[in-house]
Structure formats: structure tokens, C-alpha cells
Amino acid sequence: MNKQRKFSIFRYNPNTPEIKPFMQEYVLEEVPGMTIFVALNKIREDLDPSLMFDFVCRAAICGSCAMVINGKPRLACKTLTSDLKGTITLMPLPVFRLIGDLSVDTGTWFRQLSLKTEAWIHSEKKFDPEAVEDRMDNRIALEIYEAERCIECGCCIAGCVTANIREDFLGAAGINRVARFMVDPRDERTPKQYFDVIGSDEGAFGCMGLMACDDNCPMQLPLQSQLAFVRRKMLAYGLWGK
Ligand code: SF4
Ligand code: SF4
Ligand code: FES
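Reading the sequence shown from the start, the letters are residues -12 to 229 in the working numbering.
Shown next, in the form of C-alpha cells:
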């Protein structure tokens, strides 16, 4: 006989503000290998078709199913109910605009992050479609690949003290994004140009360094070393102009 699991889920629809936010309880039978994603679909199919939450890939690739699960930002499709004790509490990620219940708009946030950090290769080099591709050092290619593994789930932002108190903070995801371009030899931005983007309290200097981001990243990105790397670069520019 499978165990019965109790879920306590945040409910609020900004389109019906007259209904105040509340926690709704559901009880489900836990089946082997059940993830929060599976549980939420079961609730929506069998108990409550009005429940709002996001998912696309079901495989920890798209980043859209992030939510606060028993107090920690996590991916619903990667979290087994059997790994959680007692009542399972689900809340939407803070910081991001609430669409409804557990669904938040991370897309707009990450788009403005890309625009603010100018997350594209800056080069004066003219594109020549006939030219042979430039070779890249394997070590650098791997560093870029590592930073690119970010799935924009928002877990690092939701768990970050600074991001929760200042809405212009770029967070670990933003600092990781900048680090990705700093190591890329094709990007011709100067230290000053990077300093203008990230050398303030909105960026590297707003970070309190408590590393919740590093703990919460479901992709285990090396956020701690990315933060240290960008800070060192920005301090060097701030102190010595290089
Ligand atoms: S270390 Fe910095 S970026 Fe990471 S959670 Fe703490 S304040 Fe936010
Ligand atoms: S750095 Fe990690 S936690 Fe932050 S958005 Fe990317 S994948 Fe998610
Ligand atoms: S559904 Fe894509 S990361 Fe969970």
C-alpha cells in the first residue's frame, strides 16, 4: 500500500485580487519515483484543474518548473517526493512576477538580464562566411561551456538576499553570464566596459557572499568561483584601472 502524501500549495490569481492568497491542501497517493512535477500533474488531472504551474521538458533542461519546495528553490521535475519529509509545501519563486499559483514569469527577468549585460559577443571583426573557423583553446571552451549550462531557472535569484531586496540586482545568474563573456577571447570588451555593467551594487559589489546561490543551483554551476573571478576583475579595474 503506497503512502498518502499531503501537499500544501500556494494559491493566488492576480486576475482575481478579490480572492486573497491562501494555502490549499491536497492529498495524493505517493507512487515509486514520483517527482513534484508528476504529483502536480496528478493533482491537476484528478483533483483541481485550476492549479497553475509551469513545465516544458520534464528533464531539468528548460528551467521552467522551479518553485520553492519545502522552503528551498528547486526544480519540480528533479525533486522526488520520497526525498521530502512530512507535508510538502509548494510556493512560487519570489523576486519574479507572479502569473498565478506556482507559475512565475522568469522570461522577462532573464531577458532584461541579457540586455543589461549585453550578453552577446562584442567584436569589431567583420564577419566573413568564407573564412576558416578560429580555433579555441580547449580549456577556454570548457570554461565557456560550463557557464553556458545555466538553464535560467531562477533558483539562484529566488534564494538570494540581495535579489530579494533590490530589484536591479543581477544576481549570480547575471554575474555568471558576464564571466562567460569575460573569458571568451572573441569578446573585445575592455575592463572599463565590463565595469560599467557589473562594477556596482547592481552587480559584483551588491553580493553579500553568503552563497545561497551556489547551494541552490540545480545545475551545480560553480557560482562561487564565478563570483570570485568577476569580483577580482572588477576590483583590479576599480583600484588600478586594468
Ligand atoms: S552569494 Fe551573492 S549572488 Fe549568491 S545568493 Fe548570496 S548575495 Fe546572492
Ligand atoms: S545559475 Fe543555476 S540556479 Fe541560477 S538560473 Fe542558472 S541554472 Fe538556475
Ligand atoms: S520541466 Fe524543464 S526543468 Fe523542469
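Just so you know, even glycine gets a beta-carbon here, dropped at the ideal spot from N, CA and C.
Taking 7 Å as the limit between beta carbons, can you name the residues of its chain near residue i, skipping five residues before and five after?
i      : result
ASN151 : PRO81 and VAL82
With DSSP run on the structure shown, which of helix, strand or coil describes residue i?
i      : result
ASP121 : coil
ILE169 : Position check: residue 169 holds Met in this sequence, whereas Ile was assumed. Here MET169 sits in helix by DSSP.
SER69  : helix
ARG126 : helix
MET10  : strand
LEU85  : strand
SER239 : Residue 239 lies beyond the range of the chain shown here (-12 to 229); nothing can be said about it.
LEU62  : strand
PHE24  : helix
THR76  : strand
PHE237 : Outside the shown range of the chain (-12 to 229) lies residue 237, about which nothing can therefore be said.
Residue i: beta carbon under 7 Å from a heavy atom of ligand 2?
i      : result
ASN125 : no
PRO81  : no
ASN151 : no
GLY50  : yes
MET198 : no
Could you check if residue i belongs to the surroundings of ligand 1, using beta carbon to heavy atom distance under 7 Å?
i      : result
GLY288 : Because the chain in this structure spans residues -12 to 229, residue 288 falls outside the shown range and cannot be described.
GLY146 : yes
CYS194 : yes
LEU100 : no
Using C-beta distances below 6 Å, list every residue in its chain close to residue i, excluding the 5 sequence neighbours before and after it, in chain order.
i     : result
SER90 : MET39, PHE40 and ASP41
Excluding the five sequence neighbours on either side, which residues of its own chain have a C-beta within less than 8 Å of the C-beta of residue i, listed in chain order?
i    : result
LYS7 : TYR(-1)
Say the cut is 7 Å; is the CB of residue i nearer than that to a heavy atom of ligand 3?
i     : result
LEU62 : yes
CYS44 : yes
PHE24 : yes
Practice problem: Tell me the start and end of each unbroken alpha helix (DSSP H) in the segment 87 to 112 that is at least 4 residues and wholly inside, in chain order. | Solution: 93 to 103
Quiz item: Should the segment 159 to 171 be called in touch with the segment 116 to 136, which here means at least 3 C-beta pairs below 8 Å?
Solution: yes
Exercise. Report yes or no: do three or more beta-carbon pairs, one from the segment 152 to 169 and one from the segment 69 to 80, lie closer than 8 Å?
Key: no
Exercise. Would you be able to state if there are at least three C-beta pairs under 8 Å between the segment 139 to 146 and the segment 54 to 71?
Key: yes
Practice problem: Determine, using beta-carbon pairs with one atom in the segment 212 to 227 and one in the segment 185 to 200, whether at least three such pairs fall under 8 Å. | Solution: yes
Quiz item: Should the segment 132 to 142 be called in touch with the segment 206 to 214, which here means at least 3 C-beta pairs below 8 Å?
Solution: yes
Quiz item: Just checking, does the segment -12 to -1 make contact with the segment 8 to 16 on the three C-beta pairs under 8 Å criterion?
Solution: yes
Quiz item: Would you say the segment 46 to 53 touches the segment 99 to 106, given that touching needs at least three Cβ pairs under 8 Å?
Solution: no
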